[in-house]
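Participant:
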Amino acid sequence: MEIINKENSHKTILNATGIFGFAQAMKMLVSIVGSKFVAIFLGPVGIGIVGLLNNTVAIISSITGFGISITGVREMSLANTESDQNKFSERFIVLQRWSIFTSVLGALVTIIFSKQLSILTFGNSDYYFWFVILSVNFVFANLTATRIALLQGLRMIKSIAISNVISSVLISLLSVPIYYFLKVDGITSVIVLSSIINLVVTIYFTRNIKIDRVSLSFYETFQKGKPILKMGFLLSLNVIFAHICSFIIKLYLNGNGSSVEIVGLFEVSSVILISYVGLIFNAMGADFYPRITQIQNDNSKIKELVNDQIEMGLLLVTPAIIFLYFSGPILVELLYSKHFLGVLLIFKSALFAVIVKVVIWPLAFIILAKGDNKLYFKLEIISDIFLLVSTVFFYHFFGLVGIGIASLIPFLLYAFYVIPILKKKYDFSIRKDTLKILLMCLLFGISSSAITFTIDYPLAYYPLGLILIFSLAYSYRELNKRVAINSYWRKFIYKFKRNG
Numbered sequence: 002m003e004i005i006n007k008e009n010s011h012k013t014i015l016n017a018t019g020i021f022g023f024a025q026a027m028k029m030l031v032s033i034v035g036s037k038f039v040a041i042f043l044g045p046v047g048i049g050i051v052g053l054l055n056n057t058v059a060i061i062s063s064i065t066g067f068g069i070s071i072t073g074v075r076e077m078s079l080a081n082t083e084s085d086q087n088k089f090s091e092r093f094i095v096l097q098r099w100s101i102f103t104s105v106l107g108a109l110v111t112i113i114f115s116k117q118l119s120i121l122t123f124g125n126s127d128y129y130f131w132f133v134i135l136s137v138n139f140v141f142a143n144l145t146a147t148r149i150a151l152l153q154g155l156r157m158i159k160s161i162a163i164s165n166v167i168s169s170v171l172i173s174l175l176s177v178p179i180y181y182f183l184k185v186d187g188i189t190s191v192i193v194l195s196s197i198i199n200l201v202v203t204i205y206f207t208r209n210i211k212i213d214r215v216s217l218s219f220y221e222t223f224q225k226g227k228p229i230l231k232m233g234f235l236l237s238l239n240v241i242f243a244h245i246c247s248f249i250i251k252l253y254l255n256g257n258g259s260s261v262e263i264v265g266l267f268e269v270s271s272v273i274l275i276s277y278v279g280l281i282f283n284a285m286g287a288d289f290y291p292r293i294t295q296i297q298n299d300n301s302k303i304k305e306l307v308n309d310q311i312e313m314g315l316l317l318v319t320p321a322i323i324f325l326y327f328s329g330p331i332l333v334e335l336l337y338s339k340h341f342l343g344v345l346l347i348f349k350s351a352l353f354a355v356i357v358k359v360v361i362w363p364l365a366f367i368i369l370a371k372g373d374n375k376l377y378f379k380l381e382i383i384s385d386i387f388l389l390v391s392t393v394f395f396y397h398f399f400g401l402v403g404i405g406i407a408s409l410i411p412f413l414l415y416a417f418y419v420i421p422i423l424k425k426k427y428d429f430s431i432r433k434d435t436l437k438i439l440l441m442c443l444l445f446g447i448s449s450s451a452i453t454f455t456i457d458y459p460l461a462y463y464p465l466g467l468i469l470i471f472s473l474a475y476s477y478r479e480l481n482k483r484v485a486i487n488s489y490w491r492k493f494i495y496k497f498k499r500n501g
């Protein structure tokens, strides 16, 4: 297959990733300042508490949310392809009404079981009022998710990107003084006010989207929402189980890892890998999910799009991962403090796991786009179980290093299991040119991981620096074949000289 024939597909992926990725990078830079102050004001213990609270709220949201935040993007994307304004408005109104209902349900459950949640999370009922305060968070968070689904379904990437940056700036400006004056007591206030800011910003960016007034009774809303609920139910069970597994891991680390500081280190590793490294996945997913949903009935187009996505993902993510291997000690101390350098032990394997995730991540979207909820449910449950068991097992024998090893295992098992299934059901396979890139990127990742296991910093900087240079050169060469990066540079230099 000639690479040049697929240049437009690669360009679309790169442009969407570039727009959203740039905004995510700006968001990350703002968060760095906020995270630095939060780490100083709260310490590992405080950050561990933030992780436990967020995890508990996420579990309740998953139980009472019926997966509407997940299915919303698919619904809006499909509605957009129909070019029927009335049906589009109707679907959004149904989605919004169900979001309000699930928000109220989540708030009531949190208030009713606040004492039990405090006991489960902290071992006593002294903090029940924290959960009472957090109950209002569900209303703001669910309404925000509905608005984001609207933007994403319409593929308004720039609006999503800009709104994320604005929200991040406002939240950072808000959280730093609250944590400074209130310390740990300000955690609930920051969580709730952050949700309010996110909602206000998303409402502003969706204010010009035309939504017609459609008359729908309660019964009609229920009936038209049933397909969304049926699809979302199994997906919500996946999310619930994932959060429960994460919560069990944190409770295990808290109970058997000497102190809540271990949970803090685990939480920091998750933040860096999910929030910072994950910004690349967020950037790619913002446009990828709507695109694959729109071509869900054409297996050949899905195969090409997913392979293109894997290629672009590997070429963008791998140098970033090698850079984290290279600069890990500096970045952790910069983002947090020297007390968090234990995170590097988790990173030895966990960073390599991210490269493997680049391949697995778009495969799951095939199943979601096809609406094969039972298969998705089955695969995600198995993956979560393996993550829980392997984390407990490897942490017991290898400590923090074992947590990183455990993060790699579910991805490897998932790959060996899901690819044959996708081949059989949807005639999916990985192209030869994609496989070459995959093998090369895995080689970079394995080499970097092996160095951190065998050579200590600062000596590790030298071989890791060489691998970083090679990975950057390789990614640049392969990206240039697909999207003609050199032409972008020439345009930039031409504009610069002309303006000069």
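Here the numbering used here is used: the first residue of the sequence shown is 2, the next is one more, and so on.
For each residue, glycine too, the CB sits at the ideal point set by N, CA and C.
Tell whether a beta-carbon distance below 8 Å holds between Ile311 and Val360.
Facilitator: yes
Participant: With DSSP collapsed to three states, give me the class of Met232.
Facilitator: Helix.
Participant: Could you check whether the stretch 454-466 touches the stretch 422-435, counting it as contact only if at least three pairs of C-beta atoms, one from each stretch, sit closer than 8 Å?
Facilitator: In short, these stretches do not touch, since the Cβ pair count stays below three.
Participant: If Arg75 and Thr222 are in contact, beta carbons under 8 Å, what's the gap, nearest whole angstrom?
Facilitator: Rounded, the Cβ-Cβ distance is 19 Å, inconsistent with contact.
Participant: Measuring CB atoms only, is the stretch 380-391 touching the stretch 321-328, in the sense that at least three cross pairs come out at less than 8 Å?
Facilitator: Verdict: no, contact absent.
Participant: Under a three-way DSSP split, which group does Gly44 fall into?
Facilitator: Looking at Gly44 - three-state DSSP - the assignment turns out to be helix.
Participant: Out of Lys184, Ile64, Asn199, state which residue places its alpha-carbon closest to the alpha-carbon of Leu238.
Facilitator: Ile64
Participant: Evaluate Pro178 with the Cβ neighbour count: other Cβ atoms within 10 Å of its Cβ, from every protein chain shown; 16 or more gives buried, anything less gives exposed.
Facilitator: exposed
Participant: Find the nearest neighbour of Val402 within the set Pro363, Phe348, Trp362, Phe353, judged by alpha-carbon distance.
Facilitator: Phe348
Participant: If I'm right that Ser350 touches Ser450 with Cβ under 8 Å, what's the distance once you round it to whole angstroms?
Facilitator: 6 Å
Participant: Which residue from Glu305, Gly68, Glu91 puts its Cα closest to that of Ser100?
Facilitator: Gly68
Participant: Reducing DSSP to helix, strand and coil, say where Ala485 ends up.
Facilitator: The DSSP-derived three-state label of Ala485 is coil.
Participant: By Cβ distance below 8 Å, which residues in the same chain neighbour Asn125 in space, the five residues on each side in sequence not counted?
Facilitator: So the list reads Ser119, once near-sequence residues are dropped.
Participant: Taking just the CA atoms, how far does Ile263 sit from Ile250?
Facilitator: 11 Å
Participant: Is it buried or exposed, Pro320, if we count other Cβ atoms within 10 angstroms and call 16 or more buried?
Facilitator: Per the 10 Å Cβ criterion, buried.
Participant: CB Ile410 to CB Phe445, shorter than 8 Å?
Facilitator: With respect to Phe445, Ile410 sits apart: the two C-beta atoms are not nearer than 8 Å.
Participant: Let me confirm a value: Asp299 is counted as buried when at least 16 other C-beta atoms fall within 10 Å, else exposed. Which label applies?
Facilitator: Answer is exposed; the Cβ neighbour count stays below 16.
Participant: At 4 residues or longer, what runs of the alpha helix (DSSP H) sit wholly inside the stretch 80-161?
Facilitator: 86-113, 115-123, 129-135, 138-154
Participant: Could you tell me whether the stretch 188-199 touches the stretch 46-60, where touching means 3 or more Cβ pairs closer than 8 Å?
Facilitator: yes
Participant: Can you grab the Cα-Cα spacing for the pair Ile438 / Ile167, in whole Å?
Facilitator: Whole-angstrom Cα-Cα distance: 36 Å.
Participant: Using CA atoms only, rank isn't needed, just tell me which of Phe132, Gly265, Leu121 is closest to Val46.
Facilitator: Gly265
Participant: So Asn81 and Val215 are in contact, right, with Cβ under 8 Å, and what is the actual spacing, rounded?
Facilitator: Rounded, the Cβ-Cβ distance is 16 Å, inconsistent with contact.
Participant: Please say whether Ser164 and Val202 have beta carbons closer to each other than 8 Å?
Facilitator: The Cβ-Cβ distance between Val202 and Ser164 falls below 8 Å.
Participant: Should Asn143 and Thr103 be called a contact, given that it needs their Cβ atoms to be closer than 8 Å?
Facilitator: Yes. Within cutoff.
Participant: Going by DSSP in three states, Gln297 sits in which element: helix, strand or coil?
Facilitator: When secondary structure is reduced to three states using DSSP, Gln297 falls in the coil class, being assigned neither helix nor strand.
Participant: Helix, strand or coil for Asp434, going by three-state DSSP, please let me know.
Facilitator: Three-state DSSP puts Asp434 in a helix.
Participant: Would you say Tyr415 and Ile404 are within 8 Å of each other, going by their C-beta atoms?
Facilitator: Contact flag unset, no.
Participant: Assign Phe412 to buried or exposed, taking buried as 16 or more other Cβ atoms, counted over all protein chains shown, within 10 Å of its Cβ.
Facilitator: buried
Participant: Since Gly73 and Ala146 should fall inside the 8 Å C-beta cutoff, what is the C-beta to C-beta distance between them, to a whole number of angstroms?
Facilitator: 7 Å
Participant: Buried or exposed, going by whether 16 or more other CB atoms sit within 10 Å of the CB of Gln153?
Facilitator: buried
Participant: Could you tell me if Pro459 is buried or exposed, where buried requires 16 or more neighbouring beta carbons within 10 angstroms of its beta carbon?
Facilitator: exposed
Participant: Which value, in whole angstroms, describes the spacing of the CA atoms of Leu109 and Val307?
Facilitator: 41 Å
Participant: May I ask which residues mark the beginning and end of the alpha helix (DSSP H) holding Val191?
Facilitator: In this chain, the alpha helix (DSSP H) harbouring Val191 covers 188-206.
Participant: Please state if the CB of Phe132 and the CB of Thr111 are separated by a distance shorter than 8 Å.
Facilitator: yes
Participant: Going along the chain, which residues of its own chain have a beta-carbon closer than 7 Å to the beta-carbon of Thr13, five neighbours each way excluded?
Facilitator: none
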